Amino acid sequence: MVRFLKGRDFISLADYTAEELWFMLETAKMFKTRYYSGEYIIPVLRGRSLGLLFEKPSTRTRISFELAMIQLGGHAMYLSARDLQLGRGETIADTARVLSRYLDGIMARVYEHEKLLELAEYSDKPVINGLSDLLHPAQALADIFTILEKKGDPRRLKIVFVGDGGDNVAHSLLLGLGVLGAKLVISSPKGYDPAKTVLEKFNEIASITGADLEIERDPFEAVKGADVVYTDVWVSMGQEAEREKRVRDLRSYQVNSKLMKMAKPDAIFMHCLPAHRGEEVTDDVIDGPWSVVWDQAENRLHVQKAILALLIR
Ligand code: CP
Ligand code: NVA
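Shown next as structure tokens:
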């Protein structure tokens with residue numbers, strides 16, 4: 020199993036089987052347990068290097084991937100797309116060919132998802148999606164880990180994503196839960212449904228795994244009896260020009276305490292962060308008893324250690 024994962028790209032959770040995702044989640048649990056017992060360094064990637072290529076800003080992804088490499092005995096290198104020759108017109112294909120001669124893996128955060136696919140096509144080494152306009156699989160796998168940790172098997176839970184159903188994190192949650200055979204409820208206004216390509220992929224997966232998607236326009240109806248309420252920003256990186264319209268369209272999808280009170284009394288609130296407090300979530304929710312957002316952010320580190328340890332040769 021481990022040998023089979025070595026060398027693979029990590030572009031979408033839909034590229035993996037349920038068995039492979041469970042194995043990654045179990046490996047992440049092992050890394051977290053050992054970290055908490057004081058074993059900060061487990062040098063399975065001694066001497067290996069990971070490039071961290073960013074077209075967009077990042078706090079969590081950059082720091083957690085960099086630390087993950089250090090804690091696995093390797094090294095990470097921050098590469099701003101603006102400062103590479105990429106910014107002066109060197110092609111993605113040529114950049115991928117060169118980077119994969121130096122590095123053992125490339126994590127990339129890009130605007131267009133197609134750029135990741137091109138990087139992966141021309142790189143001999145694993146390409147890891149650190150967010151694109153379409154997907155954020157490293158986030159979603161860490162989120163599923165957090166759900167397991169806090170609430171147990173996602174197949175027995177009511178998980179509700181409230182807000183922009185076309186969001187990259189929502190897409191990856193949908194695909195990841197889909198592979199595992201769980202159900203996701205998305206509560207979004209018309210015009211903010213998941214992308215057609217993601218829905219098609221989800222339907223293909225669901226026909227095998229028995230997963231389910233429900234779209235409920237009324238957020239109060241959607242959140243009734245929920246175990247997990249998840250939201251993300253209304254204006255993702257790259258959508259700044261649409262800010263006014265998005266805020267107007269999504270206004271009634273704010274996760275506030277009135278909405279959270281519709282969920283189960285022991286429901287958790289999740290957000291991939293960064294949060295726009297006062298927009299998609301209010302202070303009393305993100306700072307309140309429901310919130311697990313800081314554990315969620317921490318889990319990025321443990322889960323990414325598993326991804327890197329399993330995929331990098
Ligand atoms: N959640 C997440 O990916 O955060 P950053 O944009 O800070 O990396
Ligand atoms: N949907 C957000 C996620 C940030 C981690 C964005 O793309 O900006």
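Each residue of the sequence shown is one higher than the last, beginning at 20 in the numbering used here. Ideal Cβ placement from N, Cα and C applies to all residues, glycine included. These figures come from a predicted structure and were not determined experimentally.
M20 (DSSP reduced to helix, strand or coil): Residue mapping note: residue 20 aligns to position 1 of the sequence shown, counting from 1. Caution is warranted here: a pLDDT of 46 is assigned to M20, below 50, making its placement in the model unreliable, and the coordinate value is therefore given only provisionally. Looking at M20 - three-state DSSP - the assignment turns out to be coil, as it is neither helix nor strand.
Where the beta strand (DSSP E) containing V348 begins and where it ends: Outside the displayed span of the chain (20 to 332) sits residue 348, for which this structure offers no information.
Residue closest to P213, alpha-carbon to alpha-carbon, out of N187, R128, E39: On the sequence shown, position 194 is the one that residue 213 refers to. With distances taken between Cα atoms, P213 lies closest to N187.
DSSP-derived helix/strand/coil call for E233: Position 214 of the sequence shown, counted from the first residue, corresponds to residue 233. Three-state DSSP puts E233 in a strand.
Helix, strand or coil at T301 [DSSP, three-state]: Reading the sequence shown from its first residue, position 282 is the one you call residue 301. Residue state, collapsed to three classes: coil.
Proximity test, L292 beta-carbon vs the ligand CP heavy atom, cut-off 8 angstroms: Walking along the sequence shown from the start, residue 292 turns up at place 273. Yes, the ligand CP has a heavy atom inside 8 angstroms of this Cβ.
Residues near L278 by beta carbon distance below 7 angstroms, same chain, minus five either side: Taking the first residue of the sequence shown as position 1, residue 278 is located at position 259. P238, F239, V242, listed in sequence order.
N- and C-terminal bounds of the beta strand (DSSP E) containing V179: For the purposes of this step, residue 179 is identified with residue 160 of the sequence shown, where counting begins at 1. That run of the beta strand (DSSP E) goes 178 to 181.
Sub-9 angstroms separation of L160 and M43 beta-carbons: Position 141 of the sequence shown, counted from the first residue, corresponds to residue 160. Position 24 of the sequence shown, counted from the first residue, corresponds to residue 43. Closer than 9 angstroms, so yes.
Boundaries (first-last residue) of the beta strand (DSSP E) holding A95: Translated into the one-based positions of the sequence shown, residue 95 becomes position 76. It spans 94 to 99 - the beta strand (DSSP E) in which A95 sits, taken as one unbroken run.
Alpha-carbon to alpha-carbon, Y59 and L122: Here residue 122 corresponds to residue number 103 of the sequence shown, with the count starting at 1. Here residue 59 corresponds to residue number 40 of the sequence shown, with the count starting at 1. Straight-line Cα distance between these residues: approximately 23 angstroms.
S142 and I125 closer than 9 angstroms at C-beta: The residue given as residue 142 occupies position 123 in the sequence shown. The residue given as residue 125 occupies position 106 in the sequence shown. Their beta carbons are under 9 angstroms apart, which means S142 touches I125 by this criterion.
Which of helix, strand or coil DSSP assigns to S68: To locate residue 68, count along the sequence shown from 1; it is residue 49. DSSP places S68 in strand when its eight states are reduced to three.
Through-space distance from L40 to M20, alpha-carbon basis: As a first step, residue 20 must be located in the sequence shown, where it is residue number 1. As a first step, residue 40 must be located in the sequence shown, where it is residue number 21. Unreliable positioning characterises M20 in this predicted model, as indicated by a pLDDT of 46, which lies under 50. The coordinate reading is nonetheless provided below. Going from the Cα of M20 to the Cα of L40 covers about 11 angstroms.
Beta-carbon proximity of G108 to L327, cut-off 9 angstroms: Here residue 108 refers to the residue found at position 89 of the sequence shown. Here residue 327 refers to the residue found at position 308 of the sequence shown. No. Outside cutoff.
Beta-carbon contacts of S255 that lie in its chain and below 7 angstroms, excluding the five residues immediately before and after: Walking along the sequence shown from the start, residue 255 turns up at place 236. Excluding residues within five positions, the ones whose Cβ falls inside 7 angstroms are D186, N187.
Helix, strand or coil at H290 according to DSSP, with G and I counted as helix: Position 271 of the sequence shown holds residue 290. Correct three-state label for H290: strand.
Distance between beta carbons of A47 and F164, contact taken as under 8 angstroms: Taking the sequence shown and counting its residues from 1, the one referred to as residue 164 is at position 145. Taking the sequence shown and counting its residues from 1, the one referred to as residue 47 is at position 28. Yes, they are in contact, since the Cβ atoms of F164 and A47 sit about 5 angstroms apart, within 8 angstroms.
CB contact flag (V304, V274, <9 angstroms): Residue 304 sits at position 285 when you count from the first residue of the sequence shown. Residue 274 sits at position 255 when you count from the first residue of the sequence shown. Yes. Within cutoff.
Selected residue, minimal CA-CA separation from S206, among L199, V198, L193, L135: As a working note, residue 206 is residue 187 in the sequence shown. Here the closest residue by C-alpha is L193.
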